[in-house]
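**Q** This is the structure I want to talk about, given as structure tokens.
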Amino acid sequence: MTAPVVVIDADAVATSLPESSPAASTAADPSRDRRTRRRPWRSALVLGLIASIVSGAFAWVPSLWYDEGASVTAATRDVEALGVLVRQVDAVHALYYWLLHQWFELVGYSAFALRVPSIVAAGVTVTVTVLLVERLASRRLALITGAVLLVLPRFTWAGGEGRSYALSLMLVTLASLLLVCALQHRGDVSPHRRRVYWVAYAVVTGLSIVLYLYVALALVAHAAVVTVLLLARRLRWREAVPFAITAAVAVLSTWPLTVLAERQKGQVSWIHPLDATTPHAVLVTQFFPKAAPFAFVAWLMIALGGALLVRGFARRPLLAALTIALLTAPTLGLLTASVALTPLYSPRYLTFSLPAVAVAMAVVVDALPRRALRIAGIAVIVALAVPSYVGQRMPEAKQHSDWNQVADHVAERTAELGLVPAGSGAPGSAPSSTAGIVWGGLRGHPTVTSRVIAQSYPQAFAGLGDVNASAPPRGLWERNTALDPALLSGYDDVWYVVSNHSETQQEKFAVFRDAGFELRETTRFSRTDVYLFERG
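The sequence shown begins at 15 in this note's numbering and counts up by one.
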């Protein structure tokens with residue numbers, strides 16, 4: 015027979031004690047408070063480590079793709095060239111590119127190294143989220159939230175992506191924690207410590223906006239939280255003044271970036287106006303890419319979780335306000351701006367709202383009456399996430415990119431045929447053989463050449479001469495010089511890498527024939543054709 019277990023309901027205790035009071039958890043269970051003070055970070059760190067492992071597992075398998083190629087081409091330049099670049103384009107990513115550049119200086123460049131900062135940021139995000147939710151509610155809800163967050167499809171996508179989404183998510187979550195600390199600790203700490211919280215909040219918020227401009231929408235969500243607390247009389251007006259000041263400082267300090275980004279708004283001209291596909295983008299792609307069954311279950315849970323949070327507002331006002339605001343305000347703000355100003359909405363831009371998604375879902379699991387049911391609920395969520403996770407770790411998971419397959423093929427065949435002597439230099443150095451490569455177009459991106467494949471996987475093309483390279487670029491992407499027979503002089507074997515939808519392949523074939531080359535090999539990948547020509 016199982017011994018009876020006495021369970022103290024933290025929510026019930028919270029009914030009689032305000033959310034902001036540290037005494038709430040102590041009064042509920044003194045031994046729990048001692049354990050919390052003794053090892054406050056252990057559970058959060060363990061879940062954070064699991065999140066990094068989940069995000070990092072098989073992250074080396076998918077090929078880099080267009081967006082990550084942009085990260086590579088920018089971050090592998092010297093600092094001066096990077097400065098020239100961001101004054102023309104991609105200023106909104108300047109800090110991220112600079113951080114990547116410093117990272118590559120430290121560890122060297124590789125496709126996996128590109129993704130490591132996101133893998134680490136994913137783990138930190140889960141750790142901070144667990145600490146945040148435990149501060150606002152209970153350890154049980156915090157652990158459930160962390161477990162849900164680390165398997166959300168958009169989260170595992172961001173954690174394996176060489177872009178700034180995971181890092182901006184980390185900073186927004188940290189800013190939310192600092193905001194909660196500043197709002198909760200009003201009468202039980204010194205004025206100096208309160209100022210530290212607010213200054214830290216301003217710094218982290220400003221950094222997050224500089225890292226990724228769209229994160230300013232998280233500041234809108236935080237403003238909504240403060241407004242709700244004021245209207246609900248859970249916050250006095252004078253207590254809201256520090257938030258107004260720090261928010262103003264964050265906005266003003268990042269205003270030059272906003273002005274520069276406005277001048278470069280042409281770089282988001284690819285974003286389409288809102289249309290009939292927008293509901294699917296919001297309900298599925300935004301948080302649950304390529305995981306419609308997961309999205310269906312998740313939104314049912316989010317709706318129920320939101321209702322439970324609203325019903326429990328009197329007990330946990332800050333948790334309810336922060337979750338609902340972060341879940342709704344950024345999306346509504348971006349959709350509104352897309353209608354009123356210019357198309358700006360892209361589903362992945364709202365990645366930083368993921369902790370709110372996890373909290374809303376976790377509230378439902380936490381409300382289940384038995385531990386076995388809660389474990390089963392988490393298991394169902396994990397099971398629903400598995401197909402999406404597996405799909406994200408396939409070789410062509412990212413926009414069907416086949417770059418790593420192309421690179422591996424060229425490297426293997428070049429070695430087998432002995433086209434390049436051993437110990438040849440990396441692309442960009444003087445050719446060390448009579449073998450070269452001609453770059454064609456990149457499928458789906460008419461202004462970009464397939465040379466980005468070599469920039470993403472440089473070792474695969476080491477020693478091959480770049481036949482049709484143009485002058486060093488001032489913009490993001492390198493250009494091609496028009497191919498003519500004179501450029502092919504001095505080469506005996508030449509690769510031609512081009513989009514399989516290119517309309518200029520036959521023109522290039524004619525140039526090869528005129529220069530005395532014959533087609534030796536043809537290899538077709540899902541989006542790229544690879545040809546090997548040899549001099550007849």
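Every residue, glycine too, gets a C-beta built ideally from N, C-alpha and C.
For residue 495, which option in 419, 483, 160, 311 has the closest C-alpha, if you only look at C-alpha atoms?
**A** Per the Cα distances, 483.
**Q** Put residue 108 into one of helix, strand or coil per three-state DSSP.
**A** Residue state, collapsed to three classes: helix.
**Q** Considering Cα atoms alone, identify which of 455, 249, 489 is closest to residue 196.
**A** When only C-alpha atoms are compared, the closest one is 249.
**Q** Report the partner residues of residue 548 according to the DSSP bridge assignment.
**A** Partner(s): 507, 532.
**Q** Put residue 294 into one of helix, strand or coil per three-state DSSP.
**A** Helix, per DSSP.
**Q** Give me the DSSP bridge partner(s) of residue 463.
**A** Looking at the DSSP assignment, residue 463 forms a beta bridge with 455.
**Q** Please state if the CB of residue 69 and the CB of residue 133 are separated by a distance shorter than 8 angstroms.
**A** Going by C-beta atoms, residue 133 is nearer than 8 angstroms to residue 69.
**Q** Would you say residue 512 and residue 464 are within 8 angstroms of each other, going by their C-beta atoms?
**A** Taking 8 angstroms as the Cβ cut-off, residue 512 and residue 464 qualify as a contacting pair.
**Q** Which term fits residue 384, buried or exposed, when burial requires 16 or more other beta carbons within 10 angstroms of its beta carbon?
**A** Burial call: exposed.
**Q** Roughly how many whole angstroms lie between the Cα atoms of residue 392 and residue 67?
**A** Taking the straight line from one Cα to the other gives about 18 angstroms.
**Q** Would you call the stretch 325-342 in contact with the stretch 269-284, where contact means no fewer than 3 C-beta pairs closer than 8 angstroms?
**A** No, because fewer than three Cβ pairs between the stretch 325-342 and the stretch 269-284 fall closer than 8 angstroms, the two stretches do not touch.
**Q** Tell me the rounded alpha-carbon separation between residue 535 and residue 378.
**A** Those two C-alpha atoms are separated by around 58 angstroms.
**Q** In angstroms with no decimal places, state the Cα-to-Cα distance between residue 533 and residue 473.
**A** When rounded, the distance between both Cα atoms is 25 angstroms.
**Q** So residue 73 and residue 153 are supposed to be a Cβ contact under 8 angstroms. How far apart are they, rounded?
**A** The Cβ separation is near 30 angstroms, so there is no contact.
**Q** Is residue 316 buried or exposed, if buried means 16 or more other CB atoms sit within 10 Å of its CB?
**A** That one is buried.
**Q** Excluding sequence positions up to five away, which residues of its chain have a Cβ less than 8 angstroms from the Cβ of residue 127?
**A** Closer than 8 angstroms at Cβ, skipping near neighbours: 117, 118, 121.
**Q** Excluding the 5 residues flanking residue 546 on each side, which residues of the same chain have their C-beta closer than 6 angstroms to its C-beta?
**A** Excluding positions up to five away in sequence, the list reads 509, 534, 535.
**Q** So which of 115, 332, 97 has the shortest CA-CA distance to residue 246?
**A** Checked all of 115, 332, 97; the closest Cα to residue 246 is 332.
**Q** Under a three-way DSSP split, which group does residue 434 fall into?
**A** In this structure, residue 434 counts as coil in the three-state DSSP scheme.
**Q** Applying the 10 Å Cβ sphere with the 16-neighbour rule, what's the burial state of residue 543?
**A** Per the 10 Å Cβ criterion, buried.
**Q** Below 8 angstroms CB to CB, which residues in the same chain sit around residue 490 once its five sequence neighbours on both sides are set aside?
**A** Closer than 8 angstroms at the Cβ level, and outside the excluded window around residue 490, lie 84, 87, 88, 99, 103, 104.
**Q** With respect to the alpha helix (DSSP H) encompassing residue 382, which residues constitute its N-terminal and C-terminal limits?
**A** Element bounds for residue 382: n/a, residue is neither H nor E.
**Q** Is it right to say residue 408 is buried, meaning 16 or more other beta carbons lie within 10 angstroms of its own, or is it exposed?
**A** Classification of residue 408: exposed, given that the 10 Å Cβ count is below 16.
**Q** What is the rounded straight-line gap between the Cα of residue 55 and the Cα of residue 188?
**A** If you take the alpha carbons of residue 55 and residue 188, they lie about 15 angstroms apart.
**Q** For residue 286, count neighbouring C-beta atoms within 10 Å of its own C-beta (all shown protein chains included) and say buried if the count is 16 or more, exposed if not.
**A** Residue 286 comes out exposed.
**Q** Can you tell which of 108, 466, 91, 363 has its C-alpha closest to the C-alpha of residue 275?
**A** Of the listed residues, the one whose Cα sits closest to residue 275 is 108.
**Q** Residue ranges of each alpha helix (DSSP H) run of no fewer than 4 residues wholly in the stretch 103-166, ordered along the chain?
**A** Fully enclosed alpha helix (DSSP H) runs of 4 or longer: 108-121, 125-150, 153-163.
**Q** Just the C-alpha distance for residue 170 and residue 256, rounded to the nearest angstrom, thanks.
**A** Approximately 35 angstroms between the Cα atoms of the pair.
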